[in-house]
Amino acid sequence: RKRVRTRHFQRAKENGIKFTGLTSYDHLTAGIFDEAGIDFLLVGDSAGQNVLGYDTTLPVTVDELIPLTRAVSNAVSRAFVVADLPFGSYETSPDEALHTAFRFMKETHAHAVKLEGGVRSAEQIRRVVSAGIPVMGHIGFTPQSEHGLGGHIIQGRGAQLEQLLKDAHAVEDAGAFAVVLEMVPASAAAQVTKELKIPTIGVGAGPHVDGQLLVWTDFAGFTGGRIPKFVKQYADLRATLTGAATAYRHEVESGVYPGPEHSYPDE
Ligand code: KIV
Ligand code: NA
């Protein structure tokens, strides 16, 4: 199976073939998703909530993401691996962005990095790309600025469409190979997708984009409580694992497990 490269995403857009991404934070799920033909794996700073137990992505550090990203890279033979640059690791200057991108490329063997922001991050994208590192942009709702945006709010509605388009073009002009559109109206995502030459990747952006991305713990049904409207749960792993752990506990408590079939005989 041939490795996915940036040109495959570009070719998919040109040929109208949709591609698929999931987040992954560990070797086990990365191997499964690679086997299932998922085209790219994002080691997102959503690991903050889904692995590390934080409320937001803001506390996540480069040192925390590097081992997770390395575990994912080591698991794949086909999928394209994207390392997310965490909050505070690239905003200060293009040099800081490049320094952080070098760390991920050298220490994790990821194939690209992702960073948030359109116009405001264009110089960072340009600098990283100039060093031969592919960059995935990320506009619309950008979780690292949730306090600035005033919460988990849909972006690009009404008069905001103009800013979304400016951000999209800034990311493309800076040399990004693709751009994530998070939580934007389907019509806005359609317009961005039509105007850009590079592929768009929707997460809560409707069907008129070139690829889709979901957070794996959402798509697998691990997330309890309220889930965003755009998430489709393709499995119910929270219920499955809760059931398995409860059954195991009951069988140990009642002496059913381990039985003779799970015990080593003398000879
Ligand atoms: O960290 C993440 O999972 C992301 C996606 C939701 C775009 O950045
Ligand atoms: Na992220």
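Per UniProt numbering, the very first residue in the sequence shown carries number 6; after that it's consecutive. The beta-carbon is built from N, C-alpha and C at its ideal position, and this holds for glycine as well. On a predicted model such as this, the values are computed, not experimentally measured, just so you know.
The ligand KIV has no heavy atom closer than 7 angstroms to the beta-carbon of Gly145.
Shown here for Ser78: same chain residues with a beta carbon closer than 6 angstroms to its own, the five before and five after excluded, namely Val86, Thr113, His114 and Ala115 in chain order. Between Leu33 and Lys237, the alpha-carbon positions lie close to 22 angstroms from each other.
Shown here, Thr198 sits in a helix according to DSSP, grouped into three states. Taking the Cα of Leu120 as reference, the smallest distance to any Cα among Arg108, Lys111, Glu96 and Met110 is reached at Glu96. Counting along the chain, Gln15 sits inside the alpha helix (DSSP H) bounded by residues Thr11 to Asn20.
Residue list for the ligand KIV: Thr28, Leu47, Gly49, Asp50, Ser51, Thr62, Asp89, Lys119, His143, Pro148, Val185, Glu187, Val208, Leu218 and Val220 (CB closer than 7 angstroms to any heavy atom, chain order). Distance between Ser98 and Pro64, taken at the CA atoms: about 20 angstroms. The Cβ-Cβ distance between Ala181 and Val140 falls below 8 angstroms. Only exposed fits Pro233, as fewer than 16 other CB atoms lie within 10 angstroms of its CB.
Each of Val124, Asp31 and Thr147 was checked against the Cα of Ala179, and the nearest Cα belongs to Val124. Taken atom to atom, the span from the alpha-carbon of Leu201 to that of His267 is near 59 angstroms. The closest CA to that of Leu218, considering only Gly229, Ile158, Ser29 and Leu166, is found on Ser29. Taking the Cα positions, Thr66 is about 31 angstroms away from Gly211. Pairing Asp60 with Asp89 gives a Cβ-Cβ distance that is not under 8 angstroms. Closest option to Ser135, judged by alpha-carbon separation, among Phe224, Glu256 and Ala106: Ala106. By the neighbour-count criterion, in which 16 or more other beta carbons inside 10 Å mark a residue as buried, Gly58 falls on the exposed side. Within a 10 Å sphere around the beta-carbon of Ile158 sit fewer than 16 other beta-carbons, which makes this residue exposed. Take the alpha-carbon of Asp39 and the one of Phe45: they are about 8 angstroms apart.
Within the model, the alpha-carbon separation for Arg75 versus Ala183 is close to 22 angstroms. In this structure, His152 keeps its C-beta atom at 8 angstroms or more from the C-beta atom of Val185.
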